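Student:
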Amino acid sequence: MTSKQLNKKKGTPLIEIRNLTKAFGNNLVLKGFDLQLFPGENLVILGKSGSGKSVLIKCLVRLLNPDDGEIEILGKRIIDLDQKALDEIRTEVGFLFQGSALYDSMTVRENLRFPLRRHPERKASADEDQLILASLKSVGLEDAIDLMPAELSGGMKRRVALARTLILKPKIILYDEPTTGLDPITANEIIQLMLKLQDELGTASIIITHDMDCARVISNRVIILTDGINYAEGTYQELDESKDPKVSAFFKDINKRNHG
Ligand SMILES: Nc1ncnc2c1ncn2[C@@H]1O[C@H](COP(=O)(O)OP(=O)(O)OP(=O)(O)O)[C@@H](O)[C@H]1O
Ligand SMILES: [Mg+2]
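Here is the structure:
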């Protein structure tokens with residue numbers, strides 16, 4: 045789907061953030077950040093290191109508590125939710141952490157079993173091993189089921205982490221730096237896999253990245269997080285061509301770092 049088509053059928057936002065504020069002591073990281081995520085779209089958030097991208101995504105799923113502002117996910121104000129309701133929402137929102145965060149002492153199968161055991165209500169009819177195998181298949185790694193994380197390459201680890209995220213069939217996926225630390229070919233494989241999942245599962249995603257190739261290929265829309273706010277928003281191309289000095293400086297800076 046092109047971003048133009050997507051814009052036309054935006055619909056009700058799956059996630060809406062208004063005026064999000066978060067500080068650590070004197071370090072004011074988010075200063076009134078706004079965002080909307082619409083069905084089916086890949087929304088990329090770009091920002092320099094330390095700009096608050098991970099903090100933003102952690103506030104979204106309440107791994108961190110925001111100081112102020114509103115966060116609605118699938119129509120629920122998550123600030124108000126008790127632990128049980130929060131756990132339920134978390135099954136709808138898959139989170140791929142920065143790095144892969146697999147449990148090193150567990151096999152791939154055990155890593156994927158983990159979310160199923162935490163959320164037995166989500167198993168529905170299929171049996172555990174079938175769900176694990178199906179999820180590994182969707183990332184092309186069914187043969188790795190009995191391997192340990194130490195036996196996997198960086199790209200394979202990333203895919204197993206993605207399979208673990210997919211096993212609860214989330215409506216929304218949050219990716220924190222999905223391609224960082226991978227060589228360009230492996231990074232591209234992950235990008236293609238993310239596009240395939242968007243297409244086949246119809247999931248909407250927020251993707252945090254500094255990888256401009258990733259942003260260009262995967263995004264339907266891009267937000268630039270700088271100075272703690274949603275500074276600029278548009279398609280990759282619109283922002284790349286922007287005359288706003290801060291936006292164009294940002295693209296120049298990042299392109300220089302990525303290409304020489
Ligand atoms: N738990 C925490 N306690 C205190 N300060 C924190 C905490 N987490 C993040 N910070 C601070 O918040 C700011 C933003 O951090 P964050 O991890 O969101 O950056 P980022 O944009 O994800 O950077 P990167 O691109 O390097 O991953 C930094 O100044 C960081 O030191
Ligand atoms: Mg980060």
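If you read the sequence shown in our numbering, its first letter stands for residue 45, the second for the next number, and so on. Ideal Cβ placement from N, Cα and C applies to all residues, glycine included. A quick note: this is a predicted structure, and the numbers were derived from the prediction, not measured.
(1) Could you tell me whether the Cβ of LEU177 comes closer than 9 Å to any Cβ of chain D?
(2) Helix, strand or coil for ASP255, going by three-state DSSP, please let me know.
(3) Quick one: does the C-beta of GLU172 sit closer than 8 Å to a heavy atom of ligand 4?
(4) If we call anything under 9 Å between Cβ atoms a contact, is ASP220 one with PHE141?
(5) Using 10 angstroms around the beta-carbon of GLU195, count the other beta-carbons present and answer buried if the total reaches 16, otherwise exposed.
(6) For a quick check, are the C-beta atoms of LEU180 and ILE217 less than 9 Å apart?
(7) For the alpha helix (DSSP H) containing ASN155, list its first residue and its last residue.
(8) Could you name the residues of the same chain whose beta carbon sits closer than 6 Å to that of MET45, not counting the 5 residues immediately before and after it, in chain order?
(9) Mind checking whether the beta-carbon of LYS92 lies closer than 8 Å to any heavy atom of ligand 2?
(10) When you measure from the CB of LYS332 to every non-hydrogen atom of ligand 1, does any distance come out below 8 Å?
(11) For ILE262, count the other beta carbons within 10 Å of its own beta carbon; 16 or more makes it buried, fewer makes it exposed. Which is it?
(12) Straight-line CA distance for GLN80 to ALA207?
(13) For GLN80, write down the residues that DSSP places opposite it in a beta bridge.
(14) Go ahead and label PRO164 buried or exposed: buried means 16 or more other beta carbons lie within 10 angstroms of its beta carbon, across all protein chains shown.
(15) State the start and end residues of the unbroken alpha helix (DSSP H) segment that holds LEU100.
(16) Mark ASP112 as exposed unless 16 or more other C-beta atoms lie within 10 angstroms of its C-beta, in which case mark it buried.
(17) How many angstroms separate the CA atom of GLY55 from the CA atom of PHE295?
(18) What are the boundary residues of the alpha helix (DSSP H) that includes GLY278?
(19) How long is the line joining the alpha carbons of PRO289 and GLY278, rounded to whole angstroms?
(20) Return yes when the C-beta of LYS97 is under 8 Å from any heavy atom of ligand 2, and no when it is not.
(21) Should GLY304 go down as buried or exposed, given a rule of 16 or more other Cβ atoms within 10 Å for buried?
(22) Which of the three DSSP states, helix, strand or coil, is assigned to GLY69?
(23) Contact between the segment 197-204 and the segment 109-129: three or more CB pairs below 8 Å?
Tutor: Here's the rundown:
(1) Although the question refers to chain D, the structure presented lacks it and comprises just one protein chain.
(2) coil
(3) This structure lacks ligand 4; the ligands present are ligand 1 and ligand 2.
(4) yes
(5) exposed
(6) no
(7) 152-162
(8) Because the pLDDT of MET45 is 48, which lies under 50, any placement of that residue in the model is unreliable, and the number read from its coordinates should be weighed accordingly. Nothing meets the Cβ criterion.
(9) no
(10) Since the first residue shown for the chain is 45 and the last is 304, residue 332 is missing from the structure and cannot be characterised.
(11) buried
(12) 26 Å
(13) GLU60
(14) exposed
(15) 97-104
(16) exposed
(17) 30 Å
(18) Element bounds for GLY278: not the alpha helix (DSSP H) but the beta strand (DSSP E), 273-278.
(19) 15 Å
(20) yes
(21) At GLY304, the pLDDT of 46 sits below 50, so the modelled position is not reliable and the matter cannot be decided from this model.
(22) coil
(23) no
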